[in-house]
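Remarks on the structure that follows.
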């Protein structure tokens with residue numbers, strides 16, 4: 253247990269939830285205001301990275317284990333590509349979102365974008381956290397036998 | 134009501150319509166699926182199945198476009214030139230077939246080789262990277278959109294760096310090799326995208342066919358010319374054109390054997406295809422600067438590469454490194470075919486792409502087997518292995534002969550065509566007689582470095598401690614398929630020649646085959 257940096261820890265605990273909420277806002281409100289999957293993913297990852305910096309890497313890995321990070325990075329890509337595959341199965345071109353609502357193509361485009369942006373968000377979160385884990389988890393110095 | 138009309142317009146696509154996309158999509162989706170399964174047991178079968186599927190697709194595409202014309206596939210229903218388009222004609226179908234054939238043949242070989250050379254826990258992610266690299270190479274070739282080329286180039290490059298670095302579990306120098314490649318490759322990709330930026334500025338479009346049209350209509354200006362320079366230098370780094378080849382020997386030497394096999398036969402070829410596309414389709418040799426680049430820069434560099442890289446290869450003591458230098462020399466031949474600037478030259482260049490891909494994949498597989506058996510590819514380690522594993526070494530011999538261009542092997546055909554192409558041009562420019570002569574002379578250097586392998590394998594005494602046993606059957610089958618096709622295509626020349634010739638004609642036609650006809654994929 254860490255006993256110093258009391259202010260940082262309290263502020264972090266307050267902030268993490270807000271950051272995640274803001275990430276979700278940027279994610280799902282992206283078509284009406286600036287934002288979208290990439291930005292949302294980065295913001296979401298920031299919540300975990302901040303938690304990791306203040307409460308140690310181990311604590312962050314307990315919340316968001318490494319295997320889950322890797323799976324999420326892959327899952328997002330699959331959500332994106334899967335959307336395209338669904339439109340193909342519906343008889344349209346790859347990623348032609350009209351397929352979701354042939355009578356109201358605008359709605360179809362809207363839904364399609366929402367889904368693929370979600371995929372982008374999931375992957376970006378995963379990759380950002382994975383990069384942080386990889387750098388933060390490096391062994392502090394190179395042992396003699398490594399040379 | 135307008136919406137209803139829209140519905141009536143739409144005709145449902147079927148599987149055949151999606152072929153150009155599926156070519157890229159199948160391996161692309163396999164990568165995340167492998168990661169999601171996260172099991173070593175599933176990784177290889179999944180990768181292999183998707184490679185076979187993409188091989189089948191590429192053959193189907195080839196069947197459709199081999200008589201000329203092109204297939205256009207629009208992504209997201211946005212019509213080109215605004216939307217992204219995949220455009221398949223005989224030229225890229227030919228390269229797609231090469232890449233997917235090699236991809237499929239290397240995987241059975243890779244199974245044992247990777248098990249031997251790489252830690253178990255890395256296998257799953259390695260196959261995922263492999264699939265991404267495969268996707269990137271296929272995508273670079275299949276797409277008809279300039280920026281999309283860049284995106285796929287990055288997908289394939291980034292995964293390639295990871296694949297090369299995997300060699301670190303055997304030799305730490307793989308890390309510096311991968312790092313060198315990363316720096317050089319990133320500079321190349323940056324140059325390429327700067328070039329695209331200039332083209333976009335000058336023309337306002339990114340669709341390759343549209344670019345070609347607009348450049349042809351508005352003529353050249355300084356922006357268009359510098360765009361050309363950036364694109365060619367950027368891609369040239371990836372092709373390993375002579376002075377830009379420094380990353381190649383290290384990367385091929387220290388990468389895991391299976392990765393080297395895959396990269397040597399596909400990566401430089403896909404990049405070379407992009408160079409061809411830009412030189413002949415987007416720009417065209419009617420522009421004096423494009424013609425000058427080919428004759429004043431490409432031609433001498435190609436000849437220097439043929440001699441200097443072959444010369445360096447002669448003095449190598451490591452089989453993998455020797456083969457890597459030989460690759461640089463062979464890229465020289467392909468470049469020469471482009472620079473000769475006639476139909477025969479271009480056909481020879483495309484054919485050589487194919488033949489060299491096969492022969493080099495075979496030789497690197499041989500090196501991989503020797504690494505598996507002896508622990509390294511230095512001549513000292515592998516000496517005398519020819520007598521201990523005759524079946525494997527037999528395949529290596531065939532690959533070596535095809536690399537030299539001995540009559541009766543596929544390599545002869547492409548070199549012969551290259552000489553013919555040079556002689557054709559010598560009618561109006563006697564300098565091309567020298568070019569033809571240099572092709573023959575540099576092939577003699579190939580005889581020397583290939584002979585050195587034969588001498589090491591067959592004439593030296595073997596280490597008594599190494600048991601005499603053949604390579605596993607999973608490795609022998611792809612090797613002998615490649616060896617067989619090296620001989621087969623050496624005798625039955627028509628099949629490959631016709632396809633390569635059609636591909637060359639397509640390129641020379643210019644403008645992304647705009648004058649060709651759209652082929653309707655649907656059966657109805």
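Residue numbers (our numbering), protein chains in the order written: chain A, 253 to 399; chain B, 134 to 657. For each residue, glycine too, the CB sits at the ideal point set by N, CA and C.
- A distance of 8 Å or more separates the beta carbons of residue 438(B) and residue 477(B).
- Legend: CB atoms of the segment 328-344 of chain B lying less than 9 Å from CB atoms of chain A are not found in any residue.
- Judged by their CB atoms, residue 545(B) and residue 490(B) are not nearer to each other than the 8 Å cut-off.
- When C-alpha distances from residue 458(B) are compared across 352(B), 379(B) and 577(B), the shortest belongs to 379(B).
- The beta carbon of residue 303(A) sits no closer than 8 Å to any beta carbon of chain B.
- The straight-line gap separating the alpha-carbon atoms of residue 609(B) and residue 426(B) is approximately 43 Å.
- Put simply, the backbone Cα of residue 202(B) is about 14 Å away from that of residue 277(B).
- Leaving aside the five residues that flank residue 327(A) on each side, the residues in its chain whose CB is nearer than 7 Å to its CB run, in chain order, 374.
- For residue 200(B), the secondary structure class from DSSP, reduced to helix, strand or coil, is coil.
- Secondary structure within the segment 370-445 of chain B: the alpha helix (DSSP H) runs of 4 or more consecutive residues, fully enclosed, are 380-387, 390-409 and 421-425 (chain order).
- If you look at residue 631(B), you'll find it in the alpha helix (DSSP H) that goes 627-642.
- The residue from 318(B), 157(B) and 313(B) with its alpha-carbon nearest to that of residue 273(B) is 157(B).
- In the structure shown, residue 511(B) adopts extended strand secondary structure according to DSSP, grouped into three states.
- Contact between the segment 316-323 of chain A and the segment 334-349 of chain A is absent: fewer than 3 CB-CB pairs across the two stretches fall below 8 Å.
- As the crow flies, the alpha-carbon of residue 580(B) is around 12 Å from that of residue 440(B).
- For residue 347(B), the uninterrupted alpha helix (DSSP H) segment begins and ends at 341-351.
- Secondary structure of residue 276(B) (DSSP, three-state): strand.
- Close CB contacts of residue 190(B) within its chain, under the 6 Å cut and outside five residues either way in sequence, are with 152, 155 and 156 (chain order).
- Residue-level contact check: residue 385(A) does not touch chain B, since none of the beta carbons of chain B fall below 8 Å from its beta carbon.
- With respect to chain A, the C-beta atom of residue 151(B) has a partner C-beta closer than 8 Å.
- Separation of residue 315(A) and residue 481(B) (C-alpha to C-alpha, rounded to the nearest whole angstrom) is 59 Å.
- Residue burial is scored here from C-beta neighbours: residue 253(B) has fewer than 16 other C-beta atoms within 10 angstroms and is therefore classed as exposed.
- Within the same chain, Cβ atoms closer than 7 Å to the Cβ of residue 263(B) are found at 180 and 296, the five residues on either side in sequence being excluded.
- Considering only beta carbons, the part of the segment 330-359 of chain A lying closer than 7 Å to chain B consists of 330, 333, 340, 343, 344, 345, 346, 347, 348, 350, 354, 355, 356 and 357, in chain order.
- Here the C-alpha atom of residue 493(B) lies approximately 10 Å from the C-alpha atom of residue 487(B).
- Under the 8 Å criterion on CB atoms, residue 162(B) is classed as interfacial with respect to chain A.
- Sorting 535(B), 232(B), 259(B) and 279(B) by C-alpha distance to the C-alpha of residue 215(B) places 279(B) at the top.
- Residue 220(B) is bridged by DSSP to 205(B).
- Excluding the 5 residues flanking it on each side, residue 300(B) has same chain C-beta neighbours closer than 7 Å at 307, 387, 388 and 389, in chain order.
- Against chain A, the CB of residue 145(B) has a partner CB under 8 Å away; the residue lies at that interface.
- When only Cα atoms are considered, residue 256(B) and residue 298(B) end up about 13 Å apart.
- Collapsing the DSSP output to three states places residue 249(B) in a helix.
- Rounded to the nearest angstrom, the gap between the Cα atoms of residue 291(A) and residue 283(A) is 12 Å.
- The residues 517, in chain order, have a CB closer than 6 Å to that of residue 594(B) in the same chain once the five nearest residues on each side in sequence are set aside.
- Taking 9 Å as the upper bound on Cβ-Cβ separation, chain A lies near residues 258 and 261 of the segment 252-280 of chain B.
- If you check each beta-carbon in the segment 279-306 of chain B against every beta-carbon of chain A, none falls closer than 7 Å.
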